[in-house]
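Quick note: to get the numbering used here, add 21 to the position in the sequence shown (first position is 1). Right, one structure below, let's go through it.
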Amino acid sequence: MLLENKTALITGAARGIGKAIALKFAAEGCNIAFTDLVINESAEQTIHEIETFGVKVKGYSSNAADFTETHEVVNQIVADFGRIDILVNNAGITKDGLLLRMNESQWDDVINVNLKSAYNFIHAVAPVMIRQRIGSIINMSSVVGVNGNAGQCNYSASKAGLIGLAKSTAKELGSRNIRANCIAPGFIITEMTEKIPTDVRQAWEKTIPLRRGGSVDEVAKVALFLASDLSSYVSGQVIPVCGGMS
Ligand code: NAI
């Protein structure tokens with residue numbers, strides 16, 4: 022039980038990578054508070070699956086891009102759970118397009134949901150972690166945040182921003198025993214990547230040394246490493262989970 026009696030807050034965890042992380046943490050004895058835009062039937066199903074591990078779990082409807090809403094939901098989570106040991110900034114969207122065709126709202130939406138959200142949550146959660154004198158923050162970046170990608174300048178800029186944010190947080194809060202790191206997944210099979218046309222997906226898979234997309238569980242295993250004491254001297258780092266792509 023690597024996370025027994027700890028509490029994790031995971032954003033955008035009703036499905037996909039966030040859900041896999043929630044399940045992986047719960048299997049290690051961690052209580053789970055998660056957010057998503059709406060707590061609908063599929064989010065209720067996620068809650069049900071987490072409950073089977075015998076931990077405390079609650080889903081909160083909250084827009085991670087909204088500063089005020091984020092502070093309100095974090096206050097509520099602290100009231101409900103008493104502490105927050107792990108923060109996973111996972112909520113994210115894509116609104117792809119070539120730079121010269123990208124309109125302002127495509128740019129703003131992706132920066133706000135992917136990058137500003139992480140600032141919102143770190144800003145709200147860090148005082149809680151400082152009081153506890155322990156915390157692990159994980160930002161979900163991407164290999165395209167490290168390498169860039171044609172057609173994704175907004176997304177790759179947001180994901181590069183998450184790296185700068187984690188590295189700066191690690192430097193500012195390290196003296197309070199708070200670590201901050203990034204995971205940079207490559208091509209992971211989820212609802213987000215299912216939108217990509219099959220021929221593009223197949224071409225992409227050929228460029229991956231392991232010749233396949235990753236699973237959400239393979240990302241969750243690295244999140245468990247960064248959340249737990251297995252990584253107690255790891256901070257300010259970016260760990261790619263990309264089958265050798267990066
Ligand atoms: P997904 O689309 O399956 O799940 C994202 C979740 O975030 C959804 O439940 C969605 O409702 C929620 N969300 C979206 N906007 C939100 C907001 N404003 N407030 C709260 N929740 C919100 O995506 P997936 O694939 O699970 O991705 C999770 C994270 O991993 C994202 O940050 C994504 O950019 C990143 N990532 C994914 C990769 C992939 O290949 N799937 C590769 C690299 C990074």
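The beta carbon of each residue, even a glycine, is placed where N, CA and C say it ideally should be. Keep in mind that this is a model prediction, so the values were computed, not measured.
For the ligand NAI, I want to know if residue i counts as a neighbour, meaning its beta carbon is within less than 7 Å of at least one of the ligand's heavy atoms.
i	result
glutamate 62	no
methionine 213	yes
proline 218	no
proline 206	yes
threonine 56	yes
serine 138	yes
glycine 265	no
alanine 248	no
serine 163	yes
arginine 36	yes
serine 143	Rather than serine, the amino acid found at residue 143 in this sequence is isoleucine. False, no ligand heavy atom lies under 7 Å from that Cβ.
glycine 39	yes
asparagine 84	yes
asparagine 202	no
alanine 112	yes
glycine 33	yes
isoleucine 68	no
isoleucine 209	yes
asparagine 135	yes
Cβ of residue i within 8 Å of Cβ of residue j?
i	j	result
serine 162	lysine 180	yes
threonine 28	asparagine 52	yes
glycine 207	methionine 266	yes
leucine 108	tyrosine 140	no
alanine 85	valine 134	yes
alanine 205	cysteine 263	yes
isoleucine 17	leucine 30	A question about residue 17 goes unanswered here, because the residues of the chain that appear run from 22 up to 267.
threonine 91	serine 83	yes
alanine 48	phenylalanine 74	yes
valine 259	isoleucine 184	yes
asparagine 111	threonine 32	yes
serine 256	alanine 201	yes
glycine 182	isoleucine 209	no
glutamate 212	arginine 104	no
lysine 79	aspartate 101	yes
lysine 45	lysine 192	no
isoleucine 71	alanine 43	yes
proline 261	valine 165	no
With DSSP as the reference, identify every bridge partner of residue i, one or two as the case may be.
i	result
glutamine 173	Gly118
lysine 79	Ala54
arginine 200	Ser157
threonine 214	Looking at the DSSP assignment, threonine 214 forms no beta bridge with any residue, so it has no partner.
glycine 235	Ile209
threonine 28	Asn52
valine 262	Pro206
Figure out for me which residue from the options has the closest Cα to the Cα of residue i.
i	options	result
asparagine 175	Asp130, Ala112 and Ala201	Asp130
asparagine 160	Ile38, Thr214 and Pro148	Ile38
isoleucine 155	Pro230, Asp57, Ile184 and Ile199	Ile199
alanine 171	Phe46, Val240, Ile151 and Met123	Met123
glutamine 8	Val243, Gly166 and Leu194	An answer regarding residue 8 cannot be provided, because it is not within the stretch 22 to 267 covered by the chain.
glycine 50	Ser189, Val167, Ala248 and Asp220	Ala248
isoleucine 151	Trp128, Arg197, Gly182 and Thr190	Arg197
methionine 22	His69, Leu120 and Phe246	Phe246
phenylalanine 88	Ile229, Ala34 and Ile143	Ile143
Let me check you understand the geometry: is the CB of residue i closer than 7 Å to at least one non-hydrogen atom of the ligand ZN?
i	result
alanine 187	The ligand content of the structure shown is limited to the ligand NAI, which means the ligand ZN is not among them.
Complete beta strand (DSSP E) runs within the stretch 91 to 140 (minimum length 3 residues, chain order): 107 to 110
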